[in-house]
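Enquirer: Please see the structure below; I have some questions.
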Amino acid sequence: MAQMTNHVHKKSLWKTILQYKYFYIMVLPILIWYAIFSYAPMYGVTLAFKTFNYREGIFGSPWIGLEHFQTILTDMELRRAFFNTILISIVKLVTHFPTPIILAIVLYEFSRTVARRVFQTILTFPHFISWVVLSGIIVNIMSREGIFNQLIVMFGGEASALLVDENAFRPILYITHIWREIGWDSIIYLAALSGINPELYEAAEMDGANRFKRLLHISWPGLKSTVAILLILNVGQLMSQGASFDQIFNLYSSPVYSVADTIDTYIYRTSFTTGGDFGYTTAVGILKSIISVVLLVTANKIVKKLGEEGLY
Amino acid sequence: MIKKKRKKWSTFDIVAYIVLGLLTLITFFPFYNVLIVSVARFDVISKSNLYILPKSFDLSAYKLILADMKFWTSFINSVIVLVAGVAFSMFLSVAGAYALSKKGMPGRNGMLSLILFTMFFNGGLIPFYLVVKELGLVNNLLVMIIPAGLNTFYLIIMKNYFGTIPESLEESAKLDGANDMYILLKIILPISAPFIATFGLFYAVERWNEWWYALIFISDSSKVPLQIYLRETLITSNSLLNTMAMDMAAKGNFAKVYTPALQMATIVITCVPIIAVYPFLQKHFNKGIMVGSIKG
Numbered sequence: 018m019a020q021m022t023n024h025v026h027k028k029s030l031w032k033t034i035l036q037y038k039y040f041y042i043m044v045l046p047i048l049i050w051y052a053i054f055s056y057a058p059m060y061g062v063t064l065a066f067k068t069f070n071y072r073e074g075i076f077g078s079p080w081i082g083l084e085h086f087q088t089i090l091t092d093m094e095l096r097r098a099f100f101n102t103i104l105i106s107i108v109k110l111v112t113h114f115p116t117p118i119i120l121a122i123v124l125y126e127f128s129r130t131v132a133r134r135v136f137q138t139i140l141t142f143p144h145f146i147s148w149v150v151l152s153g154i155i156v157n158i159m160s161r162e163g164i165f166n167q168l169i170v171m172f173g174g175e176a177s178a179l180l181v182d183e184n185a186f187r188p189i190l191y192i193t194h195i196w197r198e199i200g201w202d203s204i205i206y207l208a209a210l211s212g213i214n215p216e217l218y219e220a221a222e223m224d225g226a227n228r229f230k231r232l233l234h235i236s237w238p239g240l241k242s243t244v245a246i247l248l249i250l251n252v253g254q255l256m257s258q259g260a261s262f263d264q265i266f267n268l269y270s271s272p273v274y275s276v277a278d279t280i281d282t283y284i285y286r287t288s289f290t291t292g293g294d295f296g297y298t299t300a301v302g303i304l305k306s307i308i309s310v311v312l313l314v315t316a317n318k319i320v321k322k323l324g325e326e327g328l329y
Numbered sequence: 024m025i026k027k028k029r030k031k032w033s034t035f036d037i038v039a040y041i042v043l044g045l046l047t048l049i050t051f052f053p054f055y056n057v058l059i060v061s062v063a064r065f066d067v068i069s070k071s072n073l074y075i076l077p078k079s080f081d082l083s084a085y086k087l088i089l090a091d092m093k094f095w096t097s098f099i100n101s102v103i104v105l106v107a108g109v110a111f112s113m114f115l116s117v118a119g120a121y122a123l124s125k126k127g128m129p130g131r132n133g134m135l136s137l138i139l140f141t142m143f144f145n146g147g148l149i150p151f152y153l154v155v156k157e158l159g160l161v162n163n164l165l166v167m168i169i170p171a172g173l174n175t176f177y178l179i180i181m182k183n184y185f186g187t188i189p190e191s192l193e194e195s196a197k198l199d200g201a202n203d204m205y206i207l208l209k210i211i212l213p214i215s216a217p218f219i220a221t222f223g224l225f226y227a228v229e230r231w232n233e234w235w236y237a238l239i240f241i242s243d244s245s246k247v248p249l250q251i252y253l254r255e256t257l258i259t260s261n262s263l264l265n266t267m268a269m270d271m272a273a274k275g276n277f278a279k280v281y282t283p284a285l286q287m288a289t290i291v292i293t294c295v296p297i298i299a300v301y302p303f304l305q306k307h308f309n310k311g312i313m314v315g316s317i318k319g
């Protein structure tokens with residue numbers, strides 16, 4: 018009996034698969050793409066246990082066990098890069114994450130929709146400009162002769178080259194990140210707010226709830242799950258997106274390496290400009306990926322404990 | 024009085040106006056400054072570049088750049104990458120997202136998990152570099168088209184969007200004997216045209232801004248995209264720019280040009296295509312994100 022239902026089930030599975038044959042054809046190209054560009058490099062992580070030899074390639078290079086991981090422990094420059102990555106991405110998360118939420122709430126509360134659209138249009142614009150271009154603009158503004166310094170001099174201060182200043186570099190990263198992304202990131206929260214039933218607001222207003230109370234009891238509950246999901250995503254990408262390679266690489270220079278060099282810029286420099294062992298930089302990359310996954314899982318657990326729906 | 028009763032200005036409105044106004048000004052001003060510096064004449068701007076209204080109007084910085092062969096090489100490369108790249112990305116992601124939106128397809132959840140996993144874990148730069156190198160894509164424009172071609176985040180949003188199209192629409196077409204390919208091409212694509220166009224624009228902006236793949240994989244100067252040309256004029260070598268300006272001046276074709284004016288003019292030229300499509304982007308992205316929001 019059991020065998021028979023099993024048989025019937027199998028047959029119907031085949032039938033369903035055949036029924037979906039065109040969809041399998043459609044999905045095949047992206048599966049191949051992911052296999053080549055995401056999963057094949059994952060096999061390449063074995064390089065971390067090898068010493069890389071151009072002639073032999075990934076397969077042929079000789080195994081050396083955990084040697085690279087031992088080197089990692091004693092590499093002072095890497096330790097610095099590691100510390101910088103964590104610090105920059107955490108401060109960036111703390112300073113940037115709330116800003117688009119606040120912006121969305123303010124924009125949503127705005128009774129004048131034309132003004133809302135104008136603000137939104139301008140605030141979203143920098144997101145579409147590459148960090149290469151933005152860095153060019155920032156370098157120009159922050160240079161000794163730039164506007165920023167001229168304003169400082171005008172108010173009696175002293176001009177200084179800010180982008181090569183160890184104390185100023187990180188704050189510039191944080192501020193310019195908010196500058197670029199606040200408008201874009203607020204869109205998703207605005208979408209969540211627009212999904213709230215307007216009758217709730219009307220009813221609350223009838224009951225005499227003021228703006229703050231409406232925010233606390235209607236807007237915030239409507240936003241909470243979106244905030245939770247985006248927070249998990251952000252924490253999961255702390256090690257990669259957090260200390261953005263694009264932003265730092267285009268803004269930094271050797272005088273600020275001590276505060277600006279991150280794992281990504283370190284891997285790039287040691288692999289391609291100073292000619293380090295590919296095996297070693299792969300090992301550093303693995304370490305980074307593992308930390309990312311641990312962070313993601315932890316963030317997801319914490320959010321679930323707080324009673325929100327997690328990412329998975 | 025005019026149409027409806029005008030809403031009264033509350034304290035909130037006033038404070039919000041001031042704060043948002045300042046924020047908008049901070050966002051807008053740097054771009055405005057780029058524009059006025061780019062048209063400034065050397066003798067005017069070298070005294071001070073802190074001014075609100077343009078004091079001089081001079082296009083020699085633009086003329087200088089447009090006379091540079093390297094600029095045109097990188098510009099053409101960027102256009103090729105843009106056109107071919109968007110076609111490639113859209114073909115892949117529309118077909119993939121549509122198929123993945125079919126909840127009944129066996130194996131769908133497994134595929135989705137495999138795809139989502141790549142957002143958080145990857146082999147890292149070196150293994151990726153070696154794979155791309157094995158494929159013969161080093162110093163090849165295709166490196167900015169194929170490996171760069173798929174954005175997982177966009178794919179998920181598109182999948183969610185296709186999931187919102189009522190199934191009854193497809194079922195009625197099936198009764199008329201249409202197959203799934205035909206339905207996608209003749210029914211789904213036309214009704215989703217504005218949504219799909221938005222993502223086409225997103226991919227277009229991405230390809231136009233492309234510089235990372237070029238940084239890692241392209242060393243041949245005849246293959247670099249505009250962003251790398253820009254990077255060179257902006258960051259890497261001021262001296263290169265000065266030599267270029269001096270050469271031009273020596274040939275007697277151009278007056279002395281202020282270096283920042285040259286840099287800012289390069290920025291303006293690089294941004295023109297994005298500014299041109301921005302109104303269309305702006306019009307659709309709110310809706311695009313809304314229908315495809317994370318869950319689904």
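Those sequence lines, one after another, are chains A and B.
Just so you know, we're using my numbering here: the first sequence kicks off at 18 and counts up by one.
Just so you know, we're using my numbering here: the second sequence kicks off at 24 and counts up by one.
Here a beta-carbon is modelled for each residue, glycine too, at the ideal position from N, C-alpha and C.
The structure displayed is predicted, hence computed values, not measured ones.
Label A:Leu90 either buried or exposed according to how many other C-beta atoms from any shown protein chain fall within 10 Å of its C-beta, with 16 as the threshold for buried.
Expert: Under this definition A:Leu90 is an exposed residue.
Enquirer: Is the distance from the Cβ of B:Ile138 to the Cβ of A:Tyr283 below 8 Å?
Expert: Cβ atoms of B:Ile138 and A:Tyr283: not closer than 8 Å.
Enquirer: I need the DSSP call for A:Lys67, collapsed to helix, strand or coil.
Expert: Strand at A:Lys67.
Enquirer: Among A:Tyr125, A:Leu151, A:Ile103, A:Val108, which residue has its Cα nearest to the Cα of A:Leu240?
Expert: Of the listed residues, the one whose Cα sits closest to A:Leu240 is A:Tyr125.
Enquirer: Can you confirm whether the segment 137-152 of chain B touches the segment 42-58 of chain A when touching is taken to mean that 3 or more C-beta pairs between the two stretches lie within less than 8 Å?
Expert: Segments in contact, yes.
Enquirer: Does chain B have any CB closer than 8 Å to the CB of A:Thr291?
Expert: Closer than 8 Å: no.
Enquirer: Give me whichever residues DSSP pairs with A:Phe80 in a beta bridge.
Expert: Correcting the residue identity first, residue 80 of chain A is Trp in this sequence and not Phe. BP columns for A:Trp80 point to A:Lys67.
Enquirer: Can you tell me whether B:Met113 is buried or exposed? The criterion is at least 16 other CB atoms within 10 Å of its CB, across all chains shown.
Expert: That one is buried.
Enquirer: Less than 8 Å between the beta carbons of B:Gly159 and B:Gly108, yes or no?
Expert: Going by C-beta atoms, B:Gly159 is not nearer than 8 Å to B:Gly108.
Enquirer: Between the Cα of B:Lys93 and those of B:Asp199, B:Val295, B:Phe240, B:Thr256, spot the shortest distance and give me the residue it belongs to.
Expert: Looking at the Cα atoms, B:Thr256 is the closest of the given residues.
Enquirer: Taking C-beta pairs closer than 9 Å, name the residues in chain A that B:Ala122 reaches, listed in chain order.
Expert: Correct list: Tyr37, Tyr39, Phe40, Tyr41, Ile42, Met43, Val44, Leu45, Ile47.
Enquirer: Quick check on the DSSP output: what are the complete alpha helix (DSSP H) runs of length 4 or more inside the segment 181-249 of chain A, in order along the chain?
Expert: Entirely contained in the segment 181-249 of chain A, the alpha helix (DSSP H) runs reaching 4 residues are, in chain order, 183-211, 215-223, 228-231.
Enquirer: What ranges does the alpha helix (DSSP H) occupy inside the segment 103-129 of chain B, keeping only unbroken runs of at least 4 residues that lie completely in it?
Expert: Segments of the alpha helix (DSSP H) lying fully in the segment 103-129 of chain B: there are none.
Enquirer: Do A:Gly296 and A:Ala65 have their CB atoms nearer than 8 Å?
Expert: Their beta carbons are under 8 Å apart, which means A:Gly296 touches A:Ala65 by this criterion.
Enquirer: Could you name the residues of the segment 134-151 of chain B whose beta carbon sits closer than 7 Å to any beta carbon of chain A, in the order they occur along the chain?
Expert: Residues passing the 7 Å Cβ filter: Met134, Leu137, Ile138, Thr141, Phe143, Phe144, Asn145, Gly146, Gly147, Leu148, Ile149, Pro150, Phe151.
Enquirer: Can you have a look at A:Thr81 and say buried or exposed, based on whether 16 or more other CB atoms are within 10 angstroms of its CB?
Expert: Sequence inspection shows Ile at residue 81 of chain A; the Thr mentioned does not correspond to that position. So A:Ile81 ends up on the exposed side.
Enquirer: Buried or exposed for A:Asn227, going by 16 or more other Cβ atoms inside 10 Å?
Expert: Under this definition A:Asn227 is an exposed residue.
Enquirer: With distances taken from CA atoms, which of A:Glu73, A:Arg286, A:Leu268 is nearest B:Leu153?
Expert: Comparing Cα positions, the closest option is A:Glu73.
Enquirer: In the DSSP assignment, the alpha helix (DSSP H) including B:Pro150 goes from what residue to what residue?
Expert: From DSSP, the alpha helix (DSSP H) with B:Pro150 extends over 148-157.
Enquirer: From the beta carbon of A:Phe145, is the nearest beta carbon of chain B less than 8 Å away?
Expert: It does; some Cβ of chain B falls within 8 Å.
Enquirer: Using 10 angstroms around the beta-carbon of B:Ile49, count the other beta-carbons present and answer buried if the total reaches 16, otherwise exposed.
Expert: It is exposed - the Cβ of B:Ile49 has fewer than 16 other Cβ atoms within 10 Å.
Enquirer: How far does the alpha helix (DSSP H) with A:Asp263 in it reach, from first residue to last?
Expert: From DSSP, the alpha helix (DSSP H) with A:Asp263 extends over 262-268.
Enquirer: In the DSSP assignment, find the alpha helix (DSSP H) that holds A:Met256 and state where it starts and stops.
Expert: Taken as a continuous stretch (DSSP letters only), A:Met256 belongs to no alpha helix (DSSP H), as it is neither H nor E.
Enquirer: With 8 Å set as the bound, which would you pick, yes or no: does the beta-carbon of B:Lys125 sit closer than that to a beta-carbon of chain A?
Expert: Judged by the 8 Å Cβ criterion, B:Lys125 is in contact with chain A.
Enquirer: Excluding the 5 residues preceding and the 5 following A:Ser203 in the sequence, name in chain order all residues of the same chain whose CB lies nearer than 6 Å to its CB.
Expert: Excluding positions up to five away in sequence, the list reads Pro117, Leu120, Ala121.
Enquirer: Quick one: what's got a C-beta closer than 7 Å to A:Ala176's C-beta in the same chain, skipping five residues either side?
Expert: For A:Ala176, where only same-chain residues beyond five positions count, the Cβ hits under 7 Å are Arg161, Asn166, Ile169, Val170.
Enquirer: Tell me whether the beta-carbon of A:Leu250 lies closer than 8 Å to the beta-carbon of A:Gly200.
Expert: Not a contact, by the Cβ cut-off of 8 Å.
Enquirer: Look at the alpha carbon of B:Lys156 and the alpha carbon of A:Phe289, and state the distance between them as a whole number of angstroms.
Expert: Computed Cα separation, rounded: 14 Å.
Enquirer: When burial is assigned at 16 or more other CB atoms within 10 Å of the CB, is A:Val301 buried or exposed?
Expert: With 16 or more other Cβ atoms within 10 Å, it is buried.
Enquirer: Can you tell me the Cα-Cα spacing of B:Ala84 and A:Met256, whole angstroms?
Expert: Each residue's Cα considered, the two are about 40 Å apart.
Enquirer: Are the C-beta of B:Gly319 and some C-beta of chain A separated by less than 8 Å?
Expert: Because the pLDDT at B:Gly319 is just 35, under 50, the model does not fix this residue reliably, and the value given afterwards should be weighed accordingly. It does not: the Cβ of B:Gly319 has no partner Cβ on chain A nearer than 8 Å.
Enquirer: Using a Cβ-Cβ distance under 8 Å, would A:Ala178 count as near chain B?
Expert: By this cut-off, A:Ala178 is not an interface position.
Enquirer: Tell me which residues share the same chain as A:Arg133 and place their Cβ nearer than 7 Å to its Cβ, disregarding the 5 neighbours each side in the sequence.
Expert: Counting only Cβ-Cβ distances below 7 Å, and skipping sequence neighbours, we find Leu124, Phe127.
Enquirer: Just the C-alpha distance for A:Ile47 and B:Ser33, rounded to the nearest angstrom, thanks.
Expert: Straight-line Cα distance between these residues: approximately 52 Å.
Enquirer: Give the interface partners of B:Val106 over in chain A, defined as CB-CB distance under 9 Å, in chain order.
Expert: Those do not exist, as B:Val106 stays about 18 Å from chain A at its closest Cβ, beyond 9 Å.
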